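Quick note on numbering: numbering that gives the first Met the number 0 labels position 418 of the sequence shown as 417, and the sequence is numbered without any gaps. Everything on this sheet refers to the single structure shown next.
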Amino acid sequence: MHMHKILTFAFLMTGFSIWAQGPNLEKDFSAVENKVIEWRRDIHQNPELSNREFKTAEKIAKHLKSLGIEVQTGVAVTGVVGLLKGNQPGKVVALRADIDALPVTERNDLPYKSEVRSEFLGKSVGVMHACGHDTHTAILMGVAEVLSKNKDKIKGTVKFIFQPAEEGPPPGEEGGALLMVKEGVLTNPNVDAIFGLHINSQTPVGTVKYKPGGSMASAQRFVINVKGKQTHGSQPWGGVDPILISAKIIDGLQTIISRETELINEAAVISVGKITSGVRSNIIPESAEMIGTIRTLDYEMQKHINKRMEEMVPAIAKVYGGEATIDIQTSTAITYNDLDLTAQMAPTLKRVAGDENVSIHKAITGAEDFSYFQEKVPGFYYFLGGMTPGSTESFPHHTPDFKIDDSGLLLGVKTMTQLALDYLNL
0 MHMHKILTFA FLMTGFSIWA QGPNLEKDFS AVENKVIEWR RDIHQNPELS NREFKTAEKI
60 AKHLKSLGIE VQTGVAVTGV VGLLKGNQPG KVVALRADID ALPVTERNDL PYKSEVRSEF
120 LGKSVGVMHA CGHDTHTAIL MGVAEVLSKN KDKIKGTVKF IFQPAEEGPP PGEEGGALLM
180 VKEGVLTNPN VDAIFGLHIN SQTPVGTVKY KPGGSMASAQ RFVINVKGKQ THGSQPWGGV
240 DPILISAKII DGLQTIISRE TELINEAAVI SVGKITSGVR SNIIPESAEM IGTIRTLDYE
300 MQKHINKRME EMVPAIAKVY GGEATIDIQT STAITYNDLD LTAQMAPTLK RVAGDENVSI
360 HKAITGAEDF SYFQEKVPGF YYFLGGMTPG STESFPHHTP DFKIDDSGLL LGVKTMTQLA
420 LDYLNL
């Protein structure tokens with residue numbers, strides 16, 4: 000029998016005695032549900048952009064302190080970290096929630112709809128929790144309250160990480176999980192494992208999804224600069240057309256995905272999102288710039304794609320008489336669920352939500368900076384249903400009409416709480 004199967008079997012045997020404590024926790028879960036919904040709605044109505052979550056951080060810190068939890072503020076600009084020591088010594092488990100909102104103007108009739116406006120990239124914008132981070136924050140505040148009342152059941156230490164700037168810090172600033180790791184959030188005390196969740200507006204309330212291994216993609220940003228030779232639009236033979244070269248490069252890049260990448264293993268995407276070139280219709284310009292993204296779920300595939308892009312871009316430009324350079328920078332790593340940890344903890348999700356309500360999802364090409372925590376310690380990241388069951392209307396994340404059903408929040412509190420307790424009792 001493989002070691003991880005032995006550990007999982009042993010966990011299942013001990014898990015029943017752990018779950019026997021459930022009725023005691025049920026009172027605490029029931030008592031906190033309305034608070035979690037109230038916190039969520041208040042945070043939703045008062046959203047703040049990345050690295051500017053001052054009032055949100057203040058609300059979190061005040062709550063944690065009221066529970067007798069040791070609190071550190073100003074982590075990675077506006078982050079809050081709480082430390083709760085159990086009555087017995089043991090391992091350290093971290094629970095993470097992201098707290099920032101997006102520059103999106105809310106478009107719905109919710110009584111707690113955001114009317115907040117702020118400045119983003121020099122423009123006045125609406126601000127909205129259009130990705131559900133308000134629910135993540137409220138859920139973890141609820142988990143902190145339940146666990147603080149059950150220190151006798153905690154064998155070890157729980158570290159609550161309220162992370163700013165998951166959506167990315169403003170240009171010229173550091174932030175998010177990467178900065179938290181850089182500032183030592185996973186040390187003092189050293190974290191043994193970390194758990195996180197993401198609400199999903201298109202997954203029914205009461206259900207949970209997860210995927211072992213690569214769950215969400217690494218995101219890389221690339222910039223391609225093409226150099227041609229300017230000429231009159233009526234005499235293209237007198238110059239070198241960087242727009243034509245750009246088109247050939249885009250076409251070539253897609254063959255890396257369609258002809259060289261083993262998509263039966265994992266998904267991969269190359270997308271050019273912006274092209275800038277030229278000033279008027281009858282001038283073939285001197286240069287062009289392309290900006291795009293690469294999404295991968297496997298590091299060997301990423302390495303191959305990057306290598307081929309770096310070979311292909313200058314080669315294609317040379318064939319057409321021009322020059323081109325490419326610069327690739329990683330924005331987020333692969334959100335990778337540790338295989339052993341996932342196998343050990345999946346039974347907890349099934350006991351809490353019900354076996355029939357837990358399923359394995361396909362990999363997602365969206366990205367999540369929780370991945371930077373997982374690069375340092377084993378991590379498990381899962382998705383929580385937030386769509387009203389039977390609803391015919393659900394809106395994607397990052398859109399003005401995005402909505403979450405508050406009845407799904409309690410399952411988030413229960414799963415996070417029990418994951419922490421069960422892990423510490425392994």
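For each residue, glycine too, the CB sits at the ideal point set by N, CA and C. Note that the structure is a prediction, hence the values are computed from the model and not measured.
Next on the checklist: Please give me, in chain order, every unbroken run of the alpha helix (DSSP H) with length at least 4 that falls completely inside the region 286-354.
Outcome noted: 298-318, 338-352
Checklist entry - Which residue from I153, A246, G213 puts its Cα closest to that of A366? => result G213
Item to check | Whole-angstrom distance between I325 and S16, CA atom to CA atom | outcome: Per-residue confidence for S16 stands at a pLDDT of 41, beneath the threshold of 50, marking its modelled position as unreliable; the derived number appears in the next sentence. Taking the straight line from one Cα to the other gives about 57 Å.
Next on the checklist: My assumption, with CB atoms under 8 Å, is that V74 sits in contact with V184. Please give the rounded CB distance.
Outcome noted: 6 Å
Checklist entry - From R220 to Q301, what does the alpha carbon distance come to, in whole angstroms? => result Roughly 12 Å separates the two Cα atoms.
Next on the checklist: Checking the sheet assignment: what are the DSSP bridge partners for K208?
Outcome noted: S358, F382.
Next on the checklist: What would DSSP say about P235, mapped onto helix, strand or coil?
Outcome noted: helix
Checklist entry - Are G272 and G291 closer than 9 Å when you measure CB to CB? => result yes
Checklist entry - Assuming A216 and I333 make a contact with CB atoms under 8 Å, what is their CB distance in whole Å? => result 7 Å
Checklist entry - Which residue's Cα is closest to the Cα of S330: Q162, G167, K122? => result Distance from the Cα of S330 is smallest, within the candidate group Q162, G167, K122, for G167.
Checklist entry - Assuming I248 contacts V312 under a Cβ cut-off of 8 Å, what Cβ separation, rounded to an integer in Å, is found between them? => result 6 Å
Item to check | Which residues DSSP lists as bridging T156, in chain order | outcome: K84, V91
Checklist entry - Enumerated in chain order, which unbroken segments of the alpha helix (DSSP H) with a length of 4 residues or greater are wholly contained in the region 35-115? => result 53-65
Checklist entry - For L408 versus E32, is the C-beta distance shorter than 9 Å? => result yes
Next on the checklist: Rounding to the nearest angstrom, what Cα-Cα distance links R258 and Y298 in this structure?
Outcome noted: So the two alpha carbons sit approximately 18 Å from each other.
Next on the checklist: If I follow the unbroken beta strand (DSSP E) through K273, where does it start and stop?
Outcome noted: Element bounds for K273: 267-276.
Checklist entry - What span of residues does the alpha helix (DSSP H) with V190 cover, start to end? => result For V190, there is no enclosing alpha helix (DSSP H), as DSSP gives it neither H nor E.
Checklist entry - Residues in its own chain within less than 6 Å of V115 by CB, not counting five upstream and five downstream? => result P46, V126
Checklist entry - Does DSSP put N424 in a helix, in a strand, or in coil? => result coil
Item to check | Coarse secondary structure for S406, derived from DSSP in three states | outcome: helix
Next on the checklist: Counting C-beta neighbours from all protein chains within 10 Å, is the total for H397 16 or more, i.e. buried, or is it exposed?
Outcome noted: exposed
Checklist entry - Is the Cβ-Cβ distance between I59 and T134 less than 9 Å? => result no
Checklist entry - Is the Cβ-Cβ distance between K402 and S200 less than 9 Å? => result Cβ atoms of K402 and S200: closer than 9 Å.
Checklist entry - Going by beta carbon distance, what residues of the same chain come within less than 6 Å of N281, once the five residues before and after it are set aside? => result G232
Checklist entry - Near Q20, what residues of its chain come up, given a Cβ to Cβ distance below 7 Å and the 5 sequence neighbours on each side ignored? => result Note that Q20 scores 49 on pLDDT, short of 50, meaning its location in the model is unreliable and no value can be drawn from it.
Item to check | I363 - partner residues in DSSP beta bridges | outcome: M215
Checklist entry - Run through DSSP, which three-state label would E118 get? => result Three-state result, E118: strand.
Item to check | Counted within 10 angstroms of its Cβ, other Cβ atoms place D421 as buried (16 or more) or exposed | outcome: By the 10 Å Cβ count, D421 comes out buried.
Checklist entry - If you draw a straight line from the alpha carbon of K361 to that of H43, how long is it in whole angstroms? => result 29 Å
Item to check | Rounded C-alpha distance that separates D97 from D240 | outcome: 46 Å
Checklist entry - Given a threshold of 16 other Cβ atoms within 10 Å of its Cβ, counted over all protein chains shown, does Q234 qualify as buried or as exposed? => result Q234 is exposed by the Cβ-count criterion.
Next on the checklist: Taking its Cβ as the centre, do 16 or more other Cβ atoms sit within 10 Å of Q328, making it buried, or is it exposed?
Outcome noted: exposed
Checklist entry - Hey, quick one: how far does the alpha helix (DSSP H) through T136 stretch, first residue to last? => result 132-147
Next on the checklist: Assuming S390 is part of the alpha helix (DSSP H), what are its boundary residues?
Outcome noted: Element bounds for S390: n/a, residue is neither H nor E.
Checklist entry - The alpha helix (DSSP H) spanning P377 covers which residue range? => result No alpha helix (DSSP H) contains P377, which DSSP labels as neither H nor E.
Next on the checklist: For K317 and M308, I'd like the C-alpha separation in whole angstroms.
Outcome noted: 14 Å
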